[in-house]
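Participant: Before anything else, here's the structure in question.
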Amino acid sequence: KPSLRSMADLVSPPSTPSSSRHMASACGVAARGRVEKQTWSRRRLGSLAVLAVAGLAPPLPANGDQQQSSPRKLKPLCEGCLEEPVEVDYFGGTVGAEPPRVQWADLADAGREAFEQLAGAGKVLIIENASMGGAMAGWSCERLAKEFPEARMRREYDWVTNPDDRNLQPMGQSSWVNEKTSGEESKDRLRQDKKAPPFAPFYWGVREHRNGDIGNKKVVKRIRELIAASVPRFMDAQNDKSMFDNAEFWLGAKGTGARAHMDSHCISTLSVVLSGERRWRVGPVPRMPKGAGRSKDGEVFFDDGVAYKLGWEPMFEFTVREGEAVLFPPGWIHETLNTADGCTVALTTQFNLPTPVRYYRSYYGRLRRV
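Whatever position you read off the sequence shown (first residue = 1), add 332 for the numbering used here.
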């Protein structure tokens with residue numbers, strides 16, 4: 333990690349015209365100018381430090397005369413195809429453990445531009461204290477049931493008794509808080525991967541509000557307002573609409589969780605643990621063999637359980653605790669497991685700003701095929 337001293341050497345505050353400096357001195361407010369300069373420097377320093385953690389700003393060694401090497405490249409899939417960076421070089425973190433971890437305060441101090449660079453590059457991050465100041469910070473399963481008794485949700489992997497994925501579970505009947513039910517094909521998934529979640533979570537798909545069965549108009553109006561008041565300060569406030577339109581609440585007792593899968597949306601995901609704790613296992617879009625086209629039948633990673641069948645090995649495995657969030661780009665295979673005693677609440681959603689354009693450019697070869 334870069335030292336603050338070496339990072340400070342990269343700071344070059346904007347110059348002030350000499351006439352402005354002269355007038356400031358003449359008016360006796362030169363000290364205020366120094367404070368403004370220091371404030372700008374701290375923000376610039378914070379931005380560089382945050383970006384360096386995720387590999388977007390090169391840390392300087394002690395002697396300051398070397399630069400961080402560029403990511404290694406994979407062989408292109410065809411003549412004229414774009415090269416792709418080696419995943420561990422591009423995403424950083426520790427393989428088999430955590431992706432890069434950043435503090436909410438560092439992101440907020442660095443300014444929105446720092447987050448937009450990270451999200452635009454499709455970085456995978458753990459963000460500490462991400463729910464700070466949000467309207468639903470600390471909300472438990474019991475609190476959700478109390479505040480939204482008329483809302484309706486469903487248990488996942490319930491294909492036999494609920495083949496149409498109807499929202500049959502009233503949230504206000506809070507017996508679900510302690511429920512542990514094995515979903516369909518659970519034994520097969522555990523045989524293929526012993527770390528797969530053994531029990532099915534509950535899913536409140538706010539994103540399905542136009543279908544009319546997640547709750548009445550009053551429920552929809554209130555959850556829209558709460559999500560708008562929960563957009564983290566380091567993000568563009570205009571994300572409130574997309575974060576509502578894509579919102580999902582994943583709820584359940586210890587041992588419940590979402591099986592490994594790949595979502596079909598094309599924008600980035602932010603998942604915040606409002607209360608409890610979740611283990612995550614995530615990995616990038618699989619490398620495509622030379623000449624690869626459409627996926628074979630039975631090997632579509634969007635589908636539940638296919639990753640296990642094909643011997644998926646996640647790149648990162650880590651725990652996200654109450655108040656923390658995980659950020660990841662489109663196409664990443666992900667799995668969750670609630671690990672806290674009691675019931676865990678997580679708000680998972682996607683956002684439009686920024687679009688992860690650098691990520692798409694970096695992994696265009698495989699992303700366009702998947």
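Every residue, glycine too, gets a C-beta built ideally from N, C-alpha and C.
Would the segment 493-513 count as touching the segment 472-483 if we require 3 or more Cβ pairs under 8 Å?
Facilitator: Counting Cβ pairs under 8 Å, three or more are found: they touch.
Participant: Out of 418, 511, 644, state which residue places its alpha-carbon closest to the alpha-carbon of residue 534.
Facilitator: 511
Participant: Return the first residue and the last residue of the alpha helix (DSSP H) that residue 450 is part of.
Facilitator: Start and end: 444-452.
Participant: Skipping 5 residues on each side, what residues in its chain have a beta carbon closer than 6 Å to that of residue 583?
Facilitator: 473, 534, 677
Participant: Is the segment 518-532 touching the segment 587-594 in the sense that three or more CB pairs, one from each, lie closer than 8 Å?
Facilitator: yes
Participant: Taking 8 Å as the cut-off, decide whether the C-beta atoms of residue 468 and residue 679 are in contact.
Facilitator: yes
Participant: For the ligand PLP, is there any heavy atom lying closer than 7 Å to the beta carbon of residue 451?
Facilitator: As far as ligands go, the structure on display features none, and thus does not contain the ligand PLP.
Participant: Let's test the definition: count the other Cβ atoms within 10 Å of the Cβ of residue 449 and tell me whether it reaches 16, buried, or not, exposed.
Facilitator: buried
Participant: Does DSSP put residue 570 in a helix, a strand or coil?
Facilitator: helix
Participant: Does the Cβ-Cβ distance between residue 425 and residue 648 come in under 8 Å?
Facilitator: Yes, the Cβ-Cβ distance between residue 425 and residue 648 is below 8 Å.
Participant: Using three-state DSSP, classify residue 436 as helix, strand or coil.
Facilitator: helix
Participant: Mark residue 638 as exposed unless 16 or more other C-beta atoms lie within 10 angstroms of its C-beta, in which case mark it buried.
Facilitator: buried
Participant: Would you call the segment 435-448 and the segment 558-573 in contact, with 3 or more CB pairs under 8 Å?
Facilitator: yes
Participant: Measure the C-alpha to C-alpha separation of residue 523 and residue 483 and round it to an integer number of angstroms.
Facilitator: 35 Å
Participant: Does the segment 491-498 come close enough to the segment 685-698 to have 3 or more Cβ pairs within less than 8 Å?
Facilitator: Fewer than three Cβ pairs drawn from the segment 491-498 and the segment 685-698 lie within less than 8 Å of each other, which leaves the two stretches out of contact.
Participant: The alpha helix (DSSP H) spanning residue 678 covers which residue range?
Facilitator: It is not in any alpha helix (DSSP H) - residue 678 instead sits in the beta strand (DSSP E) that spans 675-683.
Participant: Applying the 10 Å Cβ sphere with the 16-neighbour rule, what's the burial state of residue 578?
Facilitator: buried
Participant: Identify which residue in 668, 645, 664, 608 has its Cα closest to the Cα of residue 454.
Facilitator: 664
Participant: At what residue ranges does the segment 476-541 contain a whole run of the beta strand (DSSP E), taking only runs of 3 or more?
Facilitator: 484-487, 534-536
Participant: Determine the burial state of residue 688: buried for a count of at least 16 other Cβ atoms within 10 Å of its Cβ, exposed for fewer.
Facilitator: buried
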